[in-house]
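Residue numbering for the sequence shown follows numbering that gives the first Met the number 0, starting at 0 and increasing by one per position.
Backbone N, C-alpha and C define an ideal beta-carbon position, used for all residues, glycine too.
Just so you know, these numbers come straight off a predicted model, no measurement behind them.
Have a look at the structure below, then the notes.
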Amino acid sequence: MSIPSRRASSLSGDKRRRRGYAASTALLFAALLTGCAGGSSGADSGALQASGSTTVAPVASDAAEALKSKNLNITVATQGGSAGGISQLGSGQIKVALSSKPLSDEDRKAYPNTDFVSTQIGADAVGIIVTKKVADGGVKSLTKEQLKGLFEGKITNWSEVGGPDMQVFVYDKEPGRGTREVLDKFVYGDGEAPPPPKSDNYAIVGGNLETRNKLESTPGSIAPLSTGFIEGHDDLVAVKLEGIAPTLENVASSAYPMTRPLFMITDGKPQGAAKEYIDYVLSPEGQKLLPAHGYLTRKQMGL
Numbered sequence: 000m001s002i003p004s005r006r007a008s009s010l011s012g013d014k015r016r017r018r019g020y021a022a023s024t025a026l027l028f029a030a031l032l033t034g035c036a037g038g039s040s041g042a043d044s045g046a047l048q049a050s051g052s053t054t055v056a057p058v059a060s061d062a063a064e065a066l067k068s069k070n071l072n073i074t075v076a077t078q079g080g081s082a083g084g085i086s087q088l089g090s091g092q093i094k095v096a097l098s099s100k101p102l103s104d105e106d107r108k109a110y111p112n113t114d115f116v117s118t119q120i121g122a123d124a125v126g127i128i129v130t131k132k133v134a135d136g137g138v139k140s141l142t143k144e145q146l147k148g149l150f151e152g153k154i155t156n157w158s159e160v161g162g163p164d165m166q167v168f169v170y171d172k173e174p175g176r177g178t179r180e181v182l183d184k185f186v187y188g189d190g191e192a193p194p195p196p197k198s199d200n201y202a203i204v205g206g207n208l209e210t211r212n213k214l215e216s217t218p219g220s221i222a223p224l225s226t227g228f229i230e231g232h233d234d235l236v237a238v239k240l241e242g243i244a245p246t247l248e249n250v251a252s253s254a255y256p257m258t259r260p261l262f263m264i265t266d267g268k269p270q271g272a273a274k275e276y277i278d279y280v281l282s283p284e285g286q287k288l289l290p291a292h293g294y295l296t297r298k299q300m301g302l
């Protein structure tokens, strides 16, 4: 069983290298540095403020950069991931929440005075990422039960799932992150995930960049992570789930089990600068930003 290909048919293919990602990241971190003072996601009162998912943020940042030529000032931050963005929108701190998870009934109940309106801008695959050493040692695919054992701390050595004699180190996402919700839905369905295991080989991480850095620095590690974030990182591999690879075709058809929509959320229908921002992301030009970061466009998802 081969490792998921990095060809045009794969979400982690070379064809969709993260063009301009360095610029996006620089913009993102600039927004974080200048826009987070005083607990707010943006100190510039004249700027349209967007915050939330670290998965959606690269696209949001690229779009913000492109709209500078139209004199639209937008700051993008990633405080608290998807849940943080939704919370900030609900409390009136920002105008656009970035989310890699659908709104829940709990979100709406928490902010009954907010008219949450979600606009899907594309889709993404959450991969189960391991180091190349683990994959080369025999871990090509994992089942739902094996994932449960790994993330609950019951499987502690890769040899237990056909891999090398190496300790497992789990990097899990914090509650409220869209990535975590996708993993929990796949493994536990409508049931609740158990509390994190009390283990020295288990840690909670935040955004996608932090997760990738931890994976690359820890032999034997595993983590849920957007497949787009491992492009160009040959030391990391997205294993198959139940024998299904996160290829473009499998994600578009939802055959791959950990596919998720990407959203921009507003309070009420988008208006003014927020509408111009979201309309740009939905436009043919804006949709080109998604495959540049390893994501699927609305058209590819049949929307």
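According to DSSP, residues forming a beta bridge with residue i
i: lysine 239; result: Ser140
i: aspartate 123; result: Arg259
i: glycine 51; result: Leu97
i: serine 282; result: DSSP output for serine 282 lists no bridge partner at all.
i: phenylalanine 228; result: Phenylalanine 228 is not bridged to any residue.
i: phenylalanine 150; result: For phenylalanine 150, which the question treats as bridged, DSSP gives no partner whatsoever.
i: isoleucine 85; result: None, per the DSSP bridge assignment.
i: aspartate 266; result: Phe115
i: leucine 295; result: Ala122
i: threonine 68; result: Looking at the sequence itself, residue 68 is serine, so the reference to threonine does not match. According to DSSP, serine 68 bridges with nothing at all.
i: proline 223; result: Ile127
i: lysine 76; result: Sequence inspection shows alanine at residue 76; the lysine mentioned does not correspond to that position. According to DSSP, alanine 76 bridges with Ser50.
Inter-residue Cα distance where the pair is residue i and residue j
i: lysine 143; j: tyrosine 187; result: 9 Å
i: proline 111; j: isoleucine 264; result: 15 Å
i: lysine 132; j: glycine 293; result: 23 Å
i: glutamine 306; j: alanine 244; result: Because the chain spans 0 through 302 in this model, residue 306 falls outside it and cannot be assessed.
i: lysine 100; j: lysine 67; result: 28 Å
i: isoleucine 85; j: alanine 65; result: 24 Å
i: leucine 247; j: isoleucine 128; result: 17 Å
i: asparagine 249; j: proline 256; result: 9 Å
i: aspartate 234; j: arginine 259; result: 24 Å
i: lysine 239; j: alanine 202; result: 23 Å
i: alanine 82; j: alanine 272; result: 23 Å
i: leucine 288; j: phenylalanine 168; result: 33 Å
i: proline 290; j: threonine 118; result: 18 Å
i: arginine 176; j: serine 225; result: 12 Å
i: aspartate 106; j: glutamate 159; result: 39 Å
i: glycine 285; j: leucine 302; result: 15 Å
i: glutamate 215; j: alanine 134; result: 14 Å
i: alanine 96; j: glycine 231; result: 28 Å
i: alanine 237; j: lysine 139; result: 9 Å
i: asparagine 72; j: leucine 47; result: 6 Å
i: arginine 309; j: glutamine 87; result: Since the first and last residues shown for the chain are 0 and 302, residue 309 lies out of range.
i: asparagine 70; j: glutamine 270; result: 16 Å
i: glycine 91; j: glutamate 241; result: 42 Å
i: aspartate 189; j: lysine 274; result: 34 Å
i: aspartate 266; j: isoleucine 120; result: 17 Å
Residue from the options with nearest C-alpha to residue i
i: isoleucine 154; options: Glu191, Arg179, Ser198; result: Ser198
i: glycine 148; options: Gln48, Thr118, Asp164, Pro195; result: Pro195
i: tyrosine 98; options: Glu151, Ala49, Thr113; result: Looking at the sequence provided, one finds serine at residue 98 rather than tyrosine. Nearest of Glu151, Ala49, Thr113 to serine 98, Cα basis: Ala49.
i: glycine 79; options: Ser52, Gly231, Ala122; result: Ser52
i: isoleucine 312; options: Lys274, Met165, Ala124, Ser252; result: The question about residue 312 has no answer here: the residues shown for the chain are numbered 0 through 302.
i: threonine 77; options: Glu209, Lys274, Tyr276; result: Glu209
i: alanine 388; options: Gly206, Leu240, Tyr276, Leu88; result: A query on residue 388 cannot be resolved here, the shown segment of the chain reaching from 0 to 302 and no further.
i: glycine 205; options: Thr217, Ala222, Gly190, Ala192; result: Ala222
i: phenylalanine 262; options: Pro245, Arg297, Leu235; result: Arg297
i: glycine 227; options: Ser103, Thr54, Ala46, Val75; result: Thr54
i: isoleucine 93; options: Gly45, Gly152, Pro260; result: Gly45
i: alanine 192; options: Glu180, Tyr201, Ser216, Asn200; result: Glu180
i: valine 116; options: Leu289, Ile73, Lys268; result: Lys268
i: glycine 162; options: Tyr170, Leu141, Glu151; result: Leu141
i: lysine 213; options: Thr130, Asp104, Thr74; result: Thr130
i: proline 57; options: Asn70, Lys69, Thr217, Val75; result: Val75
i: threonine 217; options: Ile73, Asp266, Tyr170; result: Tyr170
Same chain only: Cβ atoms within 6 Å of residue i, ignoring 5 sequence neighbours per side
i: proline 283; result: none
i: methionine 165; result: Trp157, Gly219
i: alanine 109; result: none
i: lysine 89; result: One point to set straight first is that residue 89 is glycine, not lysine, in the sequence displayed. Taken in chain order, the residues that qualify are Tyr110, Thr113.
i: leucine 146; result: Val186
i: leucine 182; result: Pro223
i: proline 184; result: The sequence given here places lysine at residue 184; proline does not occur at that position. Answer for lysine 184: no residue qualifies.
i: threonine 178; result: Val125, Lys172, Pro223
Other residues of its chain near residue i: CB distance less than 7 Å, five sequence neighbours each side excluded
i: proline 174; result: none
i: alanine 122; result: Val250, Thr258, Arg259, Pro260, Leu261, Tyr294, Leu295, Met300
i: glutamate 151; result: Pro193, Pro196
i: alanine 62; result: Tyr276, Tyr279, Val280, Gly285, Leu288
Close beta carbons around residue i, own chain, < 8 Å, minus the five adjacent residues each side
i: alanine 254; result: Ile243, Glu248
i: asparagine 200; result: Gly152, Thr155, Gln166, Val167, Phe168, Val169
i: serine 103; result: none
i: glycine 136; result: Trp157, Gly162, Pro163, Met165
task: Please go through the segment 154-206 and give each complete beta strand (DSSP E) segment of 3 or more residues, from N-terminal end onward.
output: 168-172, 201-204
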